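Asker: Under my numbering, the residues of the sequence shown are numbered 10 to 404, in order.
Think of the CB as a built atom: it goes at the ideal place given N, C-alpha and C, for glycine as much as any other residue.
From a predicted model like this one, the values you see are computed outputs, not experimental measurements.
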Amino acid sequence: MASTSASGKQPLNPLDLFDIRAELSDEERMVQDSVARFVDEKVLPLMRDAFENHYFPQDLIPQVAELGLLGSSIEGYDCAGLNSICYGLICQELERGDSGLRSFVSVQSSLVMFPIHAYGSEEQKNRWLPAMARGEAIGCFGLTEPHGGSDPGNMKTRAKKDGDDWVINGSKMWITNGSVADAALVWAMTEEGLRGFIVEKDMPGFTAQEIENKFSLRASVTAALFFDNVRVPAASVLPGVVGLKGPLSCLTQARYGIAWGVIGAAQACLNEVLNYSRERVLFGRPLSHNQAIQLRLADMARRITTAQLLALQLGRLKEKGRLSPTQVSVAKWNNCRAALDIARDARDILGASGISAEYVPVRHMLNLESVITYEGTETVHQLVVGKELTGINAF
Ligand SMILES: Cc1cc2nc3c(=O)[nH]c(=O)nc-3n(C[C@H](O)[C@H](O)[C@H](O)COP(=O)(O)OP(=O)(O)OC[C@H]3O[C@@H](n4cnc5c(N)ncnc54)[C@H](O)[C@@H]3O)c2cc1C
Numbered sequence: 010m011a012s013t014s015a016s017g018k019q020p021l022n023p024l025d026l027f028d029i030r031a032e033l034s035d036e037e038r039m040v041q042d043s044v045a046r047f048v049d050e051k052v053l054p055l056m057r058d059a060f061e062n063h064y065f066p067q068d069l070i071p072q073v074a075e076l077g078l079l080g081s082s083i084e085g086y087d088c089a090g091l092n093s094i095c096y097g098l099i100c101q102e103l104e105r106g107d108s109g110l111r112s113f114v115s116v117q118s119s120l121v122m123f124p125i126h127a128y129g130s131e132e133q134k135n136r137w138l139p140a141m142a143r144g145e146a147i148g149c150f151g152l153t154e155p156h157g158g159s160d161p162g163n164m165k166t167r168a169k170k171d172g173d174d175w176v177i178n179g180s181k182m183w184i185t186n187g188s189v190a191d192a193a194l195v196w197a198m199t200e201e202g203l204r205g206f207i208v209e210k211d212m213p214g215f216t217a218q219e220i221e222n223k224f225s226l227r228a229s230v231t232a233a234l235f236f237d238n239v240r241v242p243a244a245s246v247l248p249g250v251v252g253l254k255g256p257l258s259c260l261t262q263a264r265y266g267i268a269w270g271v272i273g274a275a276q277a278c279l280n281e282v283l284n285y286s287r288e289r290v291l292f293g294r295p296l297s298h299n300q301a302i303q304l305r306l307a308d309m310a311r312r313i314t315t316a317q318l319l320a321l322q323l324g325r326l327k328e329k330g331r332l333s334p335t336q337v338s339v340a341k342w343n344n345c346r347a348a349l350d351i352a353r354d355a356r357d358i359l360g361a362s363g364i365s366a367e368y369v370p371v372r373h374m375l376n377l378e379s380v381i382t383y384e385g386t387e388t389v390h391q392l393v394v395g396k397e398l399t400g401i402n403a404f
């Protein structure tokens, strides 16, 4: 796979030019290896069909649960209690398979289990976390509404107190896992401010409708949620948080995972195109012998390396409890942009074959169009950084 080294030393790994792997602890390497093996053996053989036929391969759920990948950063409640670098590596390897599977794990872990663990009552934690870690209960996270996801403060979904209960009215859009979830973590405006509610799938007045005909994240379930006078008991409100900081803190966790995850998609594209350009012979020589092709391959490797270094430092800051949401925005923005550009360029180097699902770049490219949009669009992250630099809110 690696090219011949000019110095005669061990050639560099083109997918890890700066040897990030050597920076990892034994445990982190072990986690990466076991997820990589799972992706190679169990995920990749399914993904092309799942993407082409627009379904999420649910058989993978017990397997990711068995590997301890659901809520992996949580300690206790039958969760694995792994560190932040491990969570990043899990996302990276899963997304090397497909962004849809990584999205499933991100939503379950960072957007549902994290807030239940951080803000839930002991009863909520005991009821949901072990079941979610085992993959027996699926969660979804309802923040985005049809009128505009970038501005969650302008939330129209309302929850009103009625005796001891709450009554929810409104709708949510583009919700990953929405129509397969047992519990929807729904953010709704109340008289006290924004609050999180655990809405169960069979509660009267709650419906979920799958969004069909997507050209991106086809191996992931996305749905619209509707709340028509849904009555939830007081025990279903997250007691520990009021206000936008609730959902935003979840997004920081998930965006952290995305910053790592997209590296896997980019590596899969570079790997494919390295092999292809060695074998494809045009004008009497392999494509890889052309300067113009080498420039493009080198640029992909440079971008992957930059993304890896950002992700690793982000993980170290997170481990020290010094992670700022602005740093996460820089990494989500940079790494998604890098991965999408790599996927698009890899698709082009494959020529006509690049539009075939037989090769991975077009699937990753289409998926990454969602990944660069969800959890804050590229523009939203740029504005977060602009605000940090100038002190001025330009949203
Ligand atoms: C496949 C998929 C899965 C998703 N899963 C979930 C989920 O599980 N839960 C959930 O809650 N949401 C989910 N989302 C929704 C996602 O988070 C939103 O799509 C995203 O936040 C953007 O919101 P929007 O689509 O309404 O676009 P809008 O907010 O309407 O933005 C439209 C455009 O305007 C730009 N823009 C916005 N504000 C400004 C500004 N101030 N200045 C300049 N430009 C601006 C944006 O960058 C964008 O280009 C998912 C989306 C997709 C595609």
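Which partner residues of F150 appear in the DSSP bridge assignment?
Answerer: Note: F150 sits in a beta bridge opposite L194.
Asker: Please list the segments of the beta strand (DSSP E) lying wholly inside the segment 82 to 162, counting only runs of 3 or more residues, in order along the chain.
Answerer: Segments of the beta strand (DSSP E) lying fully in the segment 82 to 162: 148 to 151.
Asker: Indicate, with yes or no, if ligand 1 has a heavy atom lying under 6 Å from the CB of L152.
Answerer: Under cutoff, so the answer is yes.
Asker: Measuring only the C-alpha atoms, how far is M10 from L279?
Answerer: Low local confidence applies: a pLDDT of 46 at M10 is under 50, so the model's placement there is unreliable, with the coordinate-based value given in what follows. Their Cα atoms are separated by approximately 11 Å.
Asker: Report the option in E367, C259, T153, L78 whose CA atom is closest to the CA atom of A7.
Answerer: Because the chain in this structure spans residues 10 to 404, residue 7 falls outside the shown range and cannot be described.
Asker: Where does R311 land, buried or exposed, given buried means 16+ other C-beta within 10 angstroms?
Answerer: Classification of R311: exposed, given that the 10 Å Cβ count is below 16.
Asker: Which residues in the same chain have their Cβ closer than 7 Å to the Cβ of V380, if we skip the five residues on either side of it in sequence?
Answerer: Around V380: S108, I267, V271, C345.
Asker: With DSSP collapsed to three states, give me the class of A233.
Answerer: A233 falls in the strand class under three-state DSSP.
Asker: Can you determine whether any heavy atom of ligand 1 sits closer than 6 Å to the C-beta of W183, and answer yes or no?
Answerer: Yes; taking the cut-off as 6 Å, the Cβ of W183 has a heavy atom of ligand 1 nearer than that.
Asker: What number of angstroms, rounded off, separates the C-alpha of L260 from the C-alpha of S119?
Answerer: Cα to Cα, L260 sits roughly 8 Å from S119.
Asker: Report all residues from its chain with a CB closer than 6 Å to the CB of R111; omit the five preceding and five following residues, and keep chain order.
Answerer: For R111, where only same-chain residues beyond five positions count, the Cβ hits under 6 Å are C100, L103, E104, G270.
Asker: Go ahead and pull the three-state DSSP assignment for I207.
Answerer: The answer is strand: DSSP assigns I207 an E or B state.
Asker: Could you check whether the Cβ of T382 sits closer than 6 Å to any heavy atom belonging to ligand 1?
Answerer: The answer is yes for T382.
Asker: Leaving out the 5 sequence neighbours to the left and right, which residues in its chain are closer than 8 Å to A146 when beta-carbon positions are compared?
Answerer: Here the set comprises W137, A140, D191, A192.
Asker: Are the segment 144 to 164 and the segment 190 to 210 in contact at 8 Å, needing three or more beta carbon pairs?
Answerer: Contact between the segment 144 to 164 and the segment 190 to 210 is present, because at least three Cβ pairs lie under 8 Å.
Asker: Helix, strand or coil for I184, going by three-state DSSP, please let me know.
Answerer: Here I184 sits in strand by DSSP.
Asker: Beta carbon of T231: closer than 6 Å to some heavy atom of ligand 1?
Answerer: Correct: T231 has its Cβ closer than 6 Å to ligand 1.
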